[in-house]
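K.L.:
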Amino acid sequence: MDALAEVLTRPAPFVALCALLGLIVGSFLNVVIHRLPKMLERQWQGECAELRGDKPTAAPRYNLIAPASACPGCNHRIRALENVPLVSYIALRGKCSACGMRIPLRYPAVELLSGMLSAYVGWHFGPGWTAAAALVFAWSMIVLACIDLDTFFLPDNITLPLVWGGLLAHLLNLFPETSLADAVIGAIAGYCALWSVFWLFKLATGKEGMGYGDFKLLAAIGAWLGWKALPLVILLSSLVGATVGIALVVLRRQGRDMPIPFGPYLVVAGLIALFWGRAITARYLDLL
């Protein structure tokens, strides 16, 4: 055990371990991305039925564990050897082994992104609890971005624990560059910033420009990175969002009135700020 611990304190083995762990976790993230919105929808339908006074209908167990993963085309149960991150997708040539139905590219893409991002977290922060906390933040960001792209919804089940997780990380002094006070102010300022934009836009146009989940996501980013990172996050997310939105309109893939999820842009900006926020801000101030 001592020899293993000594090896894992070295940068290269630790980065490799983070990459492997990221690939494995990425497979589970796919499950969360697919099932969590369906679980919440079932929960809401049950609550609505209860309010109407309807008798609850018995439904099969459905959560992040059960039922076992299966092909949506033929209901073929995915065996362990068919669920190895990336390797199984390549071996199966992107198709179900039973019916030949094509497996969406989203699944290996999420696994690869999780592995690469986890490896970079391990390299950037080095061995220790700070890297472990940053991994939780990065994995949560991947899930939130994908769910928002699919459903235009950022679930409280992830955003709210992420807020408390960021504050806990600073309570334990895992990110010494940012104080606990900065994190608390960041959570408050992150929520209030987009909340204010929401109401100003609604008063000016009579329309809702974003969802409440965006407020909570920026509050979570503020809790993890501190209030000083928020201007950069808001600027980057707005620039990326505006660029993508204009490009979609120009390419006629989306109408001017069609909604665009803002969560993925906040996620990208939050990850950039996590790794390079201080360097970018310092460079900007030097230019000024």
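Count the sequence shown with this note's numbering and you get residues 234 to 521, in order. Cβ atoms here follow ideal geometry from the backbone N, Cα and C, with glycine treated the same way.
Going by DSSP, which residues form a beta bridge with residue 310?
P.N.:
Here residue 310 refers to the residue found at position 77 when the sequence shown is read from its first residue. Paired residue(s): 303.
K.L.:
Out of 346, 304 and 276, state which residue places its alpha-carbon closest to the alpha-carbon of residue 295.
P.N.:
Counting from 1 along the sequence shown, the entry for residue 295 is found at position 62. The shortest C-alpha separation from residue 295 is found at 276.
K.L.:
Would the region 398-405 count as touching the region 416-427 if we require 3 or more Cβ pairs under 8 Å?
P.N.:
Touching, per the Cβ criterion.
K.L.:
Pull up the DSSP beta-bridge partners for residue 243, would you.
P.N.:
The residue labelled residue 243 in the question sits at position 10 within the sequence shown. Paired residue(s): none; residue 243 is not in a bridge.
K.L.:
Looking at the secondary structure, which residues open and close the alpha helix (DSSP H) in which residue 435 lies?
P.N.:
Within the sequence shown, numbered from 1, the residue matching residue 435 stands at position 202. Looking at the DSSP string, the run of the alpha helix (DSSP H) that includes residue 435 is 413-438.
K.L.:
Is it the case that the Cβ atoms of residue 395 and residue 362 are separated by a distance below 7 Å?
P.N.:
Here residue 395 refers to the residue found at position 162 when the sequence shown is read from its first residue. Here residue 362 refers to the residue found at position 129 when the sequence shown is read from its first residue. Going by C-beta atoms, residue 395 is not nearer than 7 Å to residue 362.
K.L.:
How would you write the range of the alpha helix (DSSP H) that residue 390 sits in, first residue to last?
P.N.:
Counted from its first residue, the sequence shown places residue 390 at position 157. Run containing residue 390: 389-404, per the alpha helix (DSSP H) assignment.
K.L.:
What's the call for residue 454, buried or exposed, on a 16-neighbour Cβ count within 10 Å?
P.N.:
Reading the sequence shown from its first residue, position 221 is the one you call residue 454. Residue 454 is buried by the Cβ-count criterion.
K.L.:
Name the two residues that bound the continuous alpha helix (DSSP H) containing residue 457.
P.N.:
Sequence index remark: in the sequence shown, residue 457 carries index 224 (1-based). Element bounds for residue 457: 445-458.
K.L.:
Quick check: the region 347-358 against the region 241-248, are there 3 or more CB pairs under 8 Å?
P.N.:
They touch, by the three-pair rule.
K.L.:
Taking the straight line between their C-alpha atoms, what separation do you get for residue 338 and residue 344?
P.N.:
Residue numbering aside, residue 338 sits at position 105 when the sequence shown is read from its first letter. Residue numbering aside, residue 344 sits at position 111 when the sequence shown is read from its first letter. When rounded, the distance between both Cα atoms is 10 Å.
K.L.:
Drop a sphere of 10 angstroms on the beta-carbon of residue 379, count the other beta-carbons inside from all chains shown, and report buried for 16 or more, exposed for fewer.
P.N.:
Here residue 379 refers to the residue found at position 146 of the sequence shown. Label assigned to residue 379: buried.
K.L.:
Just to confirm my understanding: we take residue 254, look at its own chain, exclude 5 residues before and 5 after, and list those with CB closer than 8 Å. What are they?
P.N.:
Position 21 of the sequence shown holds residue 254. 351 and 368.
K.L.:
Between the Cα of residue 504 and those of 491, 467 and 520, spot the shortest distance and give me the residue it belongs to.
P.N.:
Locating residue 504 in the sequence shown gives position 271, counting from the first residue. Answer by Cα proximity: 467.
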